[in-house]
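Engineer: Questions regarding the structure given below will be posed in turn.
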Amino acid sequence: MRVSLTTNERQVAIGLSFALALMGLIMAAAARHGPMSVHGIMAMALGLGLVFRLGGVLYEDPPASPDRDGHYDDGPTRAGITMALIWGLIGMGVGVWVAALLYWPEATPPWAATSFGRLRPVHTTGVIFGFGGNALIATSFYVLQRTSRTRLADALSPWVVLIGFNLFCAWAVTGYLMGETQSKEYAEAEWYADLWLVLVWIVYFVLYIRTLARRAEPHIYVANWYYMAFILVVAMLHIVNNLALPVSLLGAKSFTIWSGVQDAMIQWWYGHNAVAFFLTSGFLGMLYYFLPVRSGRPIWSYRLSILSFWGITFFYIWVGSHHLHYTALPYWVQTLGMTFSVMLLVPSWASAGNALATLNGAWHKVRDDATLRFMFVAAVFYGLSTFEGSFLAIRPVNSLSHYTDWTIGHVHSGTLGWVAMIIFGAIYSLVPLLYGRETMAWPRAVEWHFWLAVSGTLIYVVSMWNAGITQGLMWRTYNPDGALAYSFLDSVRAMAPFYLLRTIGGALFLTGVVICTLNCRATMRSAGQRQDARDRPLAPQPAE
Amino acid sequence: MAQTHEDHREVDPVTGHDTTGHDWGGIKELNTPFPKIALVFLLLAFAYSVVAWILLPAWPTGRSHTRGLLGLDQGQEALAGYRELEAGRKAWMSRFDKPDFAALSADHALLAEAMPAAARLFQDNCAACHGSNAQGGPGFPALNSGHWLWGGDPATVAETITVGINSADPNTRVSQMPSFDWMAIADRQTVAEYVASLPSGKADQSSAGAKLFADNCASCHGEGGKGGLQTGAPTLTDQSFIYGQDVETELTTLAKGRQGQMPTWAARLSPEEINLLALYVSRLPETAAGADGRSAAAVP
Ligand code: HEM
Ligand code: HEM
Numbered sequence: 002m003r004v005s006l007t008t009n010e011r012q013v014a015i016g017l018s019f020a021l022a023l024m025g026l027i028m029a030a031a032a033r034h035g036p037m038s039v040h041g042i043m044a045m046a047l048g049l050g051l052v053f054r055l056g057g058v059l060y061e062d063p064p065a066s067p068d069r070d071g072h073y074d075d076g077p078t079r080a081g082i083t084m085a086l087i088w089g090l091i092g093m094g095v096g097v098w099v100a101a102l103l104y105w106p107e108a109t110p111p112w113a114a115t116s117f118g119r120l121r122p123v124h125t126t127g128v129i130f131g132f133g134g135n136a137l138i139a140t141s142f143y144v145l146q147r148t149s150r151t152r153l154a155d156a157l158s159p160w161v162v163l164i165g166f167n168l169f170c171a172w173a174v175t176g177y178l179m180g181e182t183q184s185k186e187y188a189e190a191e192w193y194a195d196l197w198l199v200l201v202w203i204v205y206f207v208l209y210i211r212t213l214a215r216r217a218e219p220h221i222y223v224a225n226w227y228y229m230a231f232i233l234v235v236a237m238l239h240i241v242n243n244l245a246l247p248v249s250l251l252g253a254k255s256f257t258i259w260s261g262v263q264d265a266m267i268q269w270w271y272g273h274n275a276v277a278f279f280l281t282s283g284f285l286g287m288l289y290y291f292l293p294v295r296s297g298r299p300i301w302s303y304r305l306s307i308l309s310f311w312g313i314t315f316f317y318i319w320v321g322s323h324h325l326h327y328t329a330l331p332y333w334v335q336t337l338g339m340t341f342s343v344m345l346l347v348p349s350w351a352s353a354g355n356a357l358a359t360l361n362g363a364w365h366k367v368r369d370d371a372t373l374r375f376m377f378v379a380a381v382f383y384g385l386s387t388f389e390g391s392f393l394a395i396r397p398v399n400s401l402s403h404y405t406d407w408t409i410g411h412v413h414s415g416t417l418g419w420v421a422m423i424i425f426g427a428i429y430s431l432v433p434l435l436y437g438r439e440t441m442a443w444p445r446a447v448e449w450h451f452w453l454a455v456s457g458t459l460i461y462v463v464s465m466w467n468a469g470i471t472q473g474l475m476w477r478t479y480n481p482d483g484a485l486a487y488s489f490l491d492s493v494r495a496m497a498p499f500y501l502l503r504t505i506g507g508a509l510f511l512t513g514v515v516i517c518t519l520n521c522r523a524t525m526r527s528a529g530q531r532q533d534a535r536d537r538p539l540a541p542q543p544a545e
Numbered sequence: 062m063a064q065t066h067e068d069h070r071e072v073d074p075v076t077g078h079d080t081t082g083h084d085w086g087g088i089k090e091l092n093t094p095f096p097k098i099a100l101v102f103l104l105l106a107f108a109y110s111v112v113a114w115i116l117l118p119a120w121p122t123g124r125s126h127t128r129g130l131l132g133l134d135q136g137q138e139a140l141a142g143y144r145e146l147e148a149g150r151k152a153w154m155s156r157f158d159k160p161d162f163a164a165l166s167a168d169h170a171l172l173a174e175a176m177p178a179a180a181r182l183f184q185d186n187c188a189a190c191h192g193s194n195a196q197g198g199p200g201f202p203a204l205n206s207g208h209w210l211w212g213g214d215p216a217t218v219a220e221t222i223t224v225g226i227n228s229a230d231p232n233t234r235v236s237q238m239p240s241f242d243w244m245a246i247a248d249r250q251t252v253a254e255y256v257a258s259l260p261s262g263k264a265d266q267s268s269a270g271a272k273l274f275a276d277n278c279a280s281c282h283g284e285g286g287k288g289g290l291q292t293g294a295p296t297l298t299d300q301s302f303i304y305g306q307d308v309e310t311e312l313t314t315l316a317k318g319r320q321g322q323m324p325t326w327a328a329r330l331s332p333e334e335i336n337l338l339a340l341y342v343s344r345l346p347e348t349a350a351g352a353d354g355r356s357a358a359a360v361p
């Protein structure tokens with residue numbers, strides 16, 4: 002990793018790293034024991050590590066070359082992709098493990114830290130934030146610079162964002178292992194980690210806006226709209242849902258300020274829009290850049306892009322209540338959530354359709370190029386999972402699907418089929434470019450990865466559809482004499498074959514990720530000198 | 062930048078549409094006219110929503126909300142559904158409202174209908190502790206062994222289910238295996254070895270352990286540990302154990318005592334359901350030996 006910083010920037014970076022180490026020390030000393038002090042020590046170690054790393058090169062390495070502004074700043078993107086792959090392995094490794102535990106619960110080791118309840122959020126945080134988040138940050142920097150034809154506004158903030166975000170992820174998952182949780186799904190991390198993420202996110206947003214403001218293109222490309230919606234709305238959701246009162250400033254435990262049904266509604270307003278703006282908007286940004294680049298085709302309809310963007314952004318905000326059908330939440334809120342979810346299908350399919358129509362004229366490439374095929378499959382699964390989502394949001398359908406593995410099937414048709422596939426498409430497009438090569442080191446392995454990913458996803462999703470519908474039907478079947486036809490235990494026993502299949506599907510998918518990681522590593526190690534002369538910022542501007 | 066994008070428009074050979082003239086490092090967009098079908102679907106989805114808003118509770122109006130023409134209320138709907146099922150069960154379930162177990166167990170047609178339902182009731186409420194085959198597990202007694210702590214006739218079982226054992230119910234059954242921490246360790250070891258040999262039927266009844274047992278334990282566990290006093294103390298001569306009858310576990314039992322808890326079900330199950338379960342449980346030793354509880358229905 003070659004950091005191209007000026008001597009002055011290196012000094013500021015050392016100052017910041019030192020501040021981080023100091024903050025860690027204060028946290029560790031104040032909390033004395035428990036997760037917060039462990040997290041303090043982690044921050045201190047990271048800060049000190051950075052101080053040494055930067056101090057070692059402060060005067061020794063030549064400072065950044067004066068024509069730095071004539072190049073894009075891709076260091077953070079390279080690092081972000083590496084982090085995404087590492088988190089992908091951790092998150093999906095744990096995913097396969099917890100999937101296996103559901104089939105084989107006796108295998109649970111006798112330590113609290115490795116119980117299902119603690120590992121499950123390690124999986125969700127690891128994949129959503131670690132894998133998805135790093136991929137989003139990395140690609141957003143790349144796309145922002147290319148579509149604005151300008152270098153990132155400054156050289157330090159992208160590193161602050163990347164390192165800060167990964168510290169948040171590491172705090173979160175290690176916290177769960179130590180039993181720390183706010184008990185809010187996808188927002189389990191405790192108050193100090195949440196505050197930290199707010200800081201990181203502000204830096205991210207400011208960097209984005211400043212860079213856009215320097216753009217050398219007259220128009221803002223639609224991918225940037227999606228990335229910005231992702232950054233802005235996630236900030237809003239994160240802050241509101243995580244409002245909490247710490248029991249003490251010296252300990253990890255806090256209590257949310259929301260209570261009762263309001264708490265539930267805020268949580269699922271957050272939860273659904275985490276799906277919407279983290280797992281959808283940002284990745285649509287990714288799709289809108291890498292799909293046309295890789296296929297060499299223009300976006301099929303500019304007008305449709307506009308409709309989808311505003312449609313998705315407007316409708317999604319309303320639909321959180323479809324997670325609370327048939328609960329203490331008033332009926333009228335459920336009706337609104339249901340109807341807006343149905344309307345949401347139209348802009349969602351408009352996006353998927355726009356992506357597929359963009360491939361018109363490039364179908365031969367889809368056939369030959371596994372990287373493009375990843376993106377094609379992503380668009381198809383995006384269409385499938387949004388259709389499924391709108392369907393599940395209809396109350397009577399939800400009465401069958403809710404609490405069952407159908408939800409889990411829907412989740413993974415979205416996350417494996419759409420989110421992970423588009424990430425792989427982006428990674429395989431980017432890594433050769435970032436490391437000066439024509440292709441990945443092992444082009445055939447991309448093909449292997451593609452088929453492992455597709456078959457893994459299908460096995461996972463189909464087995465969970467069957468599992469969920471079986472459960473839902475077993476729970477609601479009554480004999481003519483008015484007695485339940487099955488006990489709950491019967492429905493648990495009936496899950497065994499599906500859980501085994503899901504574990505196999507997950508293992509196939511994970512194997513693909515391992516291959517991808519090795520392939521990326523081999524590519525990074527055999528970096529070339531290839532440079533696209535056109536891949537430069539327009540009108541270099543003096544550093545701020 | 063001074064140029065307007067009109068200057069950059071070109072025609073895409075594949076679709077025949079114009080591009081918008083923007084170009085971001087090679088990415089272009091087509092000026093494809095807005096596809097009508099998207100608008101049609103948006104209108105359809107909107108129409109569906111409007112209909113739903115008119116029929117169902119939907120929009121907030123300050124302190125209240127629109128009620129919807131159908132006048133639905135989810136609480137009432139749930140209750141109505143429940144009542145309907147309850148009415149369906151009434152025909153046979155109401156027969157269990159009085160604990161006339163002799164008559165009930167003589168009615169084979171009724172049992173054929175009721176026992177499968179009882180099996181599910183057992184699976185849903187009791188199996189978590191007592192095991193899916195009522196075979197028990199560490200800390201939880203087997204209900205299919207034929208040896209009872211309090212008694213296995215349906216009326217006694219019904220009482221156990223209603224009030225629980227060492228439970229929060231004011232009338233709870235109370236039992237306790239007291240701690241024998243005052244007893245010399247050597248004596249504890251001796252009596253434990255004797256008790257451990259009881260299930261084999263080859264225990265030495267003239268040993269020192271037997272003597273210690275007769276003096277300290279038989280008052281609750283019965284002579285020679287045979288049990289059957291129906292005061293909550295188990296027989297120690299059979300093969301089914303609550304905590305374990307190896308010497309090591311017994312020494313823990315003796316040192317710390319034991320007091321298992323069986324919850325009260327008075328507030329969770331109706332009297333009919335309790336009677337139904339009581340009959341089912343009392344028949345477990347004959348019907349379910351080793352089977353999955355379901356077969357209880359098969360044997361009249
Ligand atoms: C190797 C692939 C994967 C496997 C084997 C796997 C397995 C699992 C398992 C077993 C659960 C728990 C289900 C339950 O509690 O019943 C789960 C939940 C979840 N996973 Fe995955 N997963 C994988 C990949 C992913 C990816 C890539 C993402 C996101 C990008 C993801 C997101 C989630 C989410 C959001 C949940 C929570 C769902 C809910 O609570 O409704 N998973 N996963
Ligand atoms: C039009 C778009 C969508 C709609 C209307 C929608 C709707 C729904 C509904 C109704 C549920 C089930 C709630 C329940 O019964 O508990 C759900 C769950 C979920 N969906 Fe979607 N969905 C959509 C798209 C997506 C996409 C694209 C993804 C992933 C990339 C996704 C991820 C999830 C997750 C993670 C959950 C589980 C939440 C939880 O219970 O933990 N959804 N969605």
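Going down the list, the sequences are from chains A and B. Going by my numbering, the residue at position 313 of the first sequence is 314; the numbering climbs one at a time, nothing skipped. Going by my numbering, the residue at position 164 of the second sequence is 225; the numbering climbs one at a time, nothing skipped. Glycine is no exception: its CB is placed at the ideal position from the N, C-alpha and C atoms.
With 8 Å set as the bound, which would you pick, yes or no: does the beta-carbon of A:Pro-623 sit closer than that to a beta-carbon of chain B?
Structural biologist: Nothing can be reported for residue 623 of chain A, as the shown portion of chain A is limited to 2 through 545.
Engineer: Among the residues of its own chain, which have a CB less than 6 Å from the CB of A:Ser-38, if the five just before and after it don't count?
Structural biologist: Here residue 38 of chain A is taken as the residue at index 37 of the first sequence, counted from 1. Taken in chain order, the residues that qualify are Ala-29, Ala-32.
Engineer: What residues in the region 184 to 207 of chain B bring their beta carbon closer than 8 Å to a beta carbon of chain A?
Structural biologist: Gln-184, Asp-185, Ala-188, Ser-193
Engineer: Are there any heavy atoms of ligand 2 lying less than 7 Å away from the beta-carbon of A:Ser-342, as far as the coordinates show?
Structural biologist: Indexing the first sequence from 1 puts residue 342 of chain A at position 341. Taken from the Cβ of A:Ser-342, at least one heavy atom of ligand 2 lies inside 7 Å.
Engineer: For the region 464 to 495 of chain A, which residues have a CB atom closer than 9 Å to at least one CB atom of chain B, in sequence order?
Structural biologist: Tyr-479, Asn-480, Pro-481, Asp-482, Gly-483, Ala-484, Leu-485, Ala-486, Tyr-487, Ser-488, Phe-489, Leu-490, Asp-491, Arg-494
Engineer: Determine the chain B residues that contact A:Arg-150 at a beta-carbon separation under 9 Å, and present them in chain order.
Structural biologist: Position 149 of the first sequence, counted from the first residue, corresponds to residue 150 of chain A. When 9 Å is used as the limit between beta carbons, A:Arg-150 is near these residues of chain B: Trp-85, Gly-86, in chain order.
Engineer: Taking A:Val-1 as the query, report the chain B residues whose CB atoms sit under 9 Å from its CB, ordered along the chain.
Structural biologist: There is no way to answer for residue 1 of chain A, as the model of chain A reaches only from 2 to 545.
Engineer: Per DSSP, what kind of secondary structure is A:Met-496 in: helix, strand or coil?
Structural biologist: Position 495 of the first sequence holds residue 496 of chain A. It is coil, neither helix nor strand.
Engineer: Since A:Ala-245 sits in a beta bridge, which residues does DSSP pair it with?
Structural biologist: On the first sequence, position 244 is the one that residue 245 of chain A refers to. BP columns for A:Ala-245 point to A:Thr-257.
Engineer: Between A:Asp-86 and A:Thr-518, which are expected to be in contact by the criterion C-beta below 8 Å, what is the C-beta distance as a whole number of angstroms?
Structural biologist: Counting from one through the first sequence, the residue named residue 86 of chain A turns up at place 85. Counting from one through the first sequence, the residue named residue 518 of chain A turns up at place 517. Looking at the sequence itself, residue 86 of chain A is Leu, so the reference to Asp does not match. Right, the Cβ-Cβ distance comes to about 5 Å (below 8 Å), so this counts as a contact.
Engineer: Listed in chain order, which residues of the region 353 to 367 of chain A have Cβ atoms closer than 7 Å to some Cβ of chain B?
Structural biologist: Asn-361, Gly-362
Engineer: For B:Ile-106 and chain A, any beta-carbon pair shorter than 8 Å?
Structural biologist: Taking the second sequence and counting its residues from 1, one reaches residue 106 of chain B at position 45. The sequence given here has Ala at residue 106 of chain B, not Ile. It does; some Cβ of chain A falls within 8 Å.
Engineer: Of all Cβ atoms in chain A, is any one closer than 8 Å to the Cβ of B:Ser-166?
Structural biologist: As a first step, residue 166 of chain B is located in the second sequence; it is residue number 105 there, counting from the start. Chain A, which has no Cβ nearer than 8 Å to the Cβ of B:Ser-166, makes this no.
Engineer: For the region 143 to 152 of chain A and the region 182 to 195 of chain A, state whether three or more C-beta atom pairs, one from each stretch, are separated by less than 8 Å.
Structural biologist: no
Engineer: Using beta-carbon positions only, say whether A:Asn-550 and A:Met-441 come within less than 8 Å of one another.
Structural biologist: Absent from the structure is residue 550 of chain A, since the part of chain A shown begins at 2 and ends at 545.
Engineer: Select from A:Trp-311, A:Asp-482, A:Val-514, A:Phe-510 the residue whose C-alpha is nearest the C-alpha of B:Glu-145.
Structural biologist: In the second sequence, the residue the question calls residue 145 of chain B occupies position 84. Looking at the Cα atoms, A:Asp-482 is the closest of the given residues.
Engineer: Can you give me the start and stop residues for the alpha helix (DSSP H) that A:Ile-42 sits inside?
Structural biologist: Here residue 42 of chain A refers to the residue found at position 41 of the first sequence. Per DSSP, A:Ile-42 belongs to the alpha helix (DSSP H) from 36 to 58.
Engineer: Considering only residues of the same chain and omitting the five flanking positions on each side of A:Arg-216, which have a CB-CB separation below 6 Å?
Structural biologist: The count along the first sequence starts at 1 and reaches residue 216 of chain A at position 215. Correct list, in chain order: Ser-149, Thr-151.
Engineer: Pull the bridge partners of B:Thr-122 from the DSSP assignment, please.
Structural biologist: By one-based count along the second sequence, residue 122 of chain B stands at place 61. Paired residue(s): B:Ser-125.
Engineer: Quick one: is A:Arg-119 buried, meaning 16 or more other Cβ sit within 10 Å of its Cβ, or exposed?
Structural biologist: Numbered from its first residue, the first sequence carries residue 119 of chain A at position 118. With 16 or more other Cβ atoms within 10 Å, it is buried.
Engineer: Measure the beta-carbon distance from A:Asn-355 to A:Ile-300 and round it to whole angstroms, keeping in mind my assumption that it falls under 8 Å.
Structural biologist: Within the first sequence, numbered from 1, the residue matching residue 355 of chain A stands at position 354. Within the first sequence, numbered from 1, the residue matching residue 300 of chain A stands at position 299. That belief holds up - the Cβ atoms of A:Asn-355 and A:Ile-300 are roughly 7 Å apart, short of 8 Å.
Engineer: For the region 212 to 232 of chain A, which residues have a beta carbon sitting closer than 7 Å to at least one beta carbon of chain B?
Structural biologist: Glu-218, Pro-219, His-220, Tyr-222
Engineer: Mind pulling the alpha helix (DSSP H) runs of 4 or more residues that sit fully within the region 399 to 451 of chain A?
Structural biologist: Counting only runs of at least 4 residues, the region 399 to 451 of chain A fully encloses the following alpha helix (DSSP H) elements, listed from N- to C-terminal order: 406 to 413, 422 to 435.
Engineer: Note down, in chain order, each residue of its chain lying with its Cβ closer than 6 Å to the Cβ of B:Leu-131, except the 5 sequence neighbours on either side.
Structural biologist: The count along the second sequence starts at 1 and reaches residue 131 of chain B at position 70. For B:Leu-131, where only same-chain residues beyond five positions count, the Cβ hits under 6 Å are Leu-116.
Engineer: Beta carbon of A:Arg-121: closer than 7 Å to some heavy atom of ligand 1?
Structural biologist: Counted from its first residue, the first sequence places residue 121 of chain A at position 120. Flag set: Cβ of A:Arg-121 near ligand 1.
Engineer: Tell me where the alpha helix (DSSP H) around A:Tyr-487 begins and ends.
Structural biologist: For this step, residue 487 of chain A is matched to residue 486 along the first sequence. In this chain, A:Tyr-487 is not harboured by any alpha helix (DSSP H), its DSSP state being neither H nor E.
Engineer: Mind checking whether the beta-carbon of A:Phe-284 lies closer than 7 Å to any heavy atom of ligand 1?
Structural biologist: Within the first sequence, the letter at position 283 stands for residue 284 of chain A. False, no ligand heavy atom lies under 7 Å from that Cβ.
Engineer: Given a cut-off of 8 Å, decide if B:Pro-177 and A:Pro-305 are closer than it, judged by their beta-carbon atoms.
Structural biologist: Translated into the one-based positions of the first sequence, residue 305 of chain A becomes position 304. Translated into the one-based positions of the second sequence, residue 177 of chain B becomes position 116. Note that residue 305 of chain A is Leu in the sequence shown here, rather than Pro. Their beta carbons are not under 8 Å apart, which means A:Leu-305 does not touch B:Pro-177 by this criterion.
Engineer: What did DSSP end up calling A:Leu-361 once you bin it into helix, strand or coil?
Structural biologist: Here the question's residue 361 of chain A lines up with position 360 in the first sequence. Per the sequence shown, the amino acid found at residue 361 of chain A is Asn instead of Leu. Reduced to three states, the DSSP call for A:Asn-361 is coil.
Engineer: Can you pull the chain A neighbours of B:Gln-135, defined as C-beta to C-beta under 7 Å?
Structural biologist: In the second sequence, residue 135 of chain B corresponds to position 74, counting from 1. Identification of chain A residues near B:Gln-135 by a Cβ-Cβ cut-off of 7 Å yields Tyr-327, Tyr-332, ordered along the chain.
Engineer: Grab me the residues of A:Ser-5's own chain with a C-beta within less than 8 Å of its C-beta, minus the 5 sequence neighbours each way, in chain order.
Structural biologist: Here residue 5 of chain A corresponds to residue number 4 of the first sequence, with the count starting at 1. These residues qualify, in order along the chain: Ala-65, Ser-66, Arg-69, Asp-74, Gly-76, Ala-156.
Engineer: Check whether the Cβ of A:Ile-129 lies closer than 8 Å to any Cβ atom in chain B.
Structural biologist: On the first sequence, position 128 is the one that residue 129 of chain A refers to. So no, A:Ile-129 is outside the interface.
Engineer: Can you grab the Cα-Cα spacing for the pair B:Gly-82 / B:Lys-89, in whole Å?
Structural biologist: Sequence index remark: in the second sequence, residue 82 of chain B carries index 21 (1-based). Sequence index remark: in the second sequence, residue 89 of chain B carries index 28 (1-based). The straight-line gap from Cα to Cα measures roughly 7 Å.
Engineer: So is the beta-carbon of B:Glu-145 under 7 Å away from any non-hydrogen atom of ligand 2?
Structural biologist: Indexing the second sequence from 1 puts residue 145 of chain B at position 84. No, the Cβ of B:Glu-145 stays beyond 7 Å of every heavy atom of ligand 2.
Engineer: Let me make sure I understand the geometry here. Which of A:Phe-130, A:Glu-10, A:Met-339 has the alpha-carbon closest to that of B:Val-112?
Structural biologist: Indexing the second sequence from 1 puts residue 112 of chain B at position 51. Of A:Phe-130, A:Glu-10, A:Met-339, the residue nearest in Cα terms is A:Met-339.
Engineer: For A:Val-420, verify whether its CB is less than 7 Å away from any heavy atom of ligand 1.
Structural biologist: If you number the first sequence from 1, residue 420 of chain A lands on position 419. For ligand 1, a non-hydrogen atom lies closer than 7 Å to the CB of A:Val-420.
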